[in-house]
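Visitor:
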Amino acid sequence: MKIGEKLVAGRQKQGFTQQEVADKLFVTRQTVSQWEHDQRKPDLENVARLCRLLKLDARDLLEVNDRHSDTMIELLGVPAFANISRAIATHPAYMHAVVAGKQYPHNSTPKWLHRLTAGYQMAVGQAEFGDIVTLKDEHGQVFYAKMPKRVTIALLQSVIFPSIGLVPLPQTRYRTLVTIDHMHVLIPTPTVVPALFDWAKTYQVVVQDPMQLAAHRQSLDFKALTQTQFDKLAAGTPYAIIYQQSGGNMAPW
């Protein structure tokens with residue numbers, strides 16, 4: 013059964029019309045129709061929202077049998093090496109985040125490591141969250157500056173293999189994915205999550221929270237997030253995949 017057929021079955025089971033689904037997801041009825049006729053694929057943000065609204069399992073919807081599914085990788089994309097402002101429409105972009113004047117991640121990459129990993133670094137921009145959201149590319153040039161009506165906040169898991177040393181040992185890292193007007197901003201630390209929820213509350217920005225992070229923010233230590241905790245948060249969402257980062261195995265954090 014194709015994705016569109018599953019969406020139709022889920023919508024009809026819940027007793028929704030196409031227009032009702034469109035209204036709840038803040039999209040047009042034509043967009044819902046295109047999804048149901050397999051003329052367009054819903055992006056990662058809307059996959060999560062459709063699954064919650066229609067009570068569908070994301071893995072069943074997308075026929076994901078393992079965490080390296082080509083379908084999920086296609087939906088999520090890979091981070092761009094360069095030209096963030098042009099590539100962010102289709103690929104998540106790594107960015108430092110500045111929230112209430114505080115930078116995430118807290119530590120910058122040391123200069124000696126930049127030299128060792130020259131040619132392997134990914135393009136890195138900056139996302140500033142204040143009375144507006146400002147996104148800058150890897151050259152520091154602003155390409156987005158306004159206050160979005162809503163954002164999506166989720167976590168992703170990635171595995172890196174540090175290339176420094178004789179025996180590289182795989183390391184699991186957790187990233188924060190913030191979707192702003194269909195642009196995916198990838199912040200390389202989960203510790204920014206509480207600050208982002210505080211920011212959204214201060215400026216009355218609607219937050220889509222497919223992993224229910226807000227409900228767990230008081231009980232979770234985002235700095236020491238465990239595999240078990242992540243698996244529980246990600247269960248049944250498209251974010252349960254292992255994020256396939258590009259640019260070699262060396263990430264700047």
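The opening position of the sequence shown corresponds to residue 13 in this note's numbering, with each subsequent residue numbered one higher.
For glycine and all other residues, C-beta sits at the position ideal for the given N, C-alpha and C.
These figures come from a predicted structure and were not determined experimentally.
What is the rounded straight-line gap between the Cα of I254 and the Cα of Q216?
Guide: Rounded to whole angstroms, I254 to Q216 spans 32 angstroms at the Cα level.
Visitor: Where does F38 land, buried or exposed, given buried means 16+ other C-beta within 10 angstroms?
Guide: So F38 ends up on the exposed side.
Visitor: Grouping DSSP H, G and I as helix and E and B as strand, with all else coil, what is A70?
Guide: Residue state, collapsed to three classes: helix.
Visitor: Figure out for me which residue from V136, L62, R64 and V205 has the closest Cα to the Cα of K114.
Guide: The residue with the shortest Cα to Cα distance from K114 is V205.
Visitor: Take A112 and list the residues in its own chain whose beta-carbon comes closer than 7 angstroms to its own, dropping the five residues that flank it on each side.
Guide: If we look at A112 and ignore the five residues flanking it on each side, its Cβ neighbours are A207 and W211.
Visitor: Relative to the C-alpha of S170, which candidate in Y251, E150, A70 and V59 has its C-alpha closest?
Guide: Selected option, being the one with the closest Cα: Y251.
Visitor: Would you mind sorting H49 into buried or exposed? The rule is 16 or more other CB atoms within 10 Å of its CB.
Guide: So H49 ends up on the exposed side.
Visitor: Run the CB neighbour count on S231, radius 10 Å, all protein chains shown included, and call it buried at 16 or more, exposed below.
Guide: Counting Cβ neighbours within 10 Å, S231 comes out exposed, since fewer than 16 surround it.
Visitor: Provide the residue span of the alpha helix (DSSP H) that contains E32, from first to last.
Guide: Segment Q30 to L37, the alpha helix (DSSP H) holding E32.
Visitor: Spell out a yes or no on whether the stretch 159-168 and the stretch 190-206 are touching, meaning 3 or more CB-CB pairs, one atom from each, closer than 8 angstroms.
Guide: At 8 angstroms Cβ cutoff, the stretches touch.
Visitor: Do you know offhand how far G16's Cα is from W47's?
Guide: Cα to Cα, G16 sits roughly 6 angstroms from W47.
Visitor: Should D149 and F155 be called a contact, given that it needs their Cβ atoms to be closer than 8 angstroms?
Guide: Yes, the Cβ-Cβ distance between D149 and F155 is below 8 angstroms.
Visitor: From which residue to which residue does the beta strand (DSSP E) around E140 run?
Guide: Residues V136 to F141.
Visitor: In the DSSP output, which residue or residues are listed as bridge partners for S170?
Guide: Its beta-bridge partners are R185.
Visitor: Restricting to Cα atoms, I'd like to know which of A247, G248 and L167 is closest to K235.
Guide: Nearest option by C-alpha distance: L167.
Visitor: Residues bridged to T164 by DSSP?
Guide: DSSP, once it has assigned bridges, lists T191 and Q220 as partnering T164.
Visitor: Using the C-alpha atoms, what's the distance from A94 back to G259?
Guide: With a pLDDT of only 43 at G259, under 50, the local geometry of the prediction cannot be trusted, and the value read off the model is given with reservation. For G259 and A94, the distance between alpha carbons rounds to 10 angstroms.
Visitor: H108 bridges to which residues according to DSSP?
Guide: Beta-bridge pairing links H108 to Q138.
Visitor: Let me know the secondary structure DSSP gives I100 once reduced to three states.
Guide: In the structure shown, I100 sits in coil (DSSP, three-state: anything other than H, G, I, E or B).
Visitor: The beta strand (DSSP E) spanning T146 covers which residue range?
Guide: From DSSP, the beta strand (DSSP E) with T146 extends over V145 to K148.
Visitor: Secondary structure at Q115, three-state DSSP: helix, strand or coil?
Guide: Here Q115 sits in strand by DSSP.
Visitor: Is any beta-carbon of chain C found at less than 8 angstroms from that of H118?
Guide: Going by chain labels, chain C is absent from the structure shown, which holds only one protein chain.
Visitor: Rounded to whole angstroms, what's the CA-CA distance from F209 to V33? Just pull it up for me.
Guide: Each residue's alpha carbon lies about 26 angstroms from the other.
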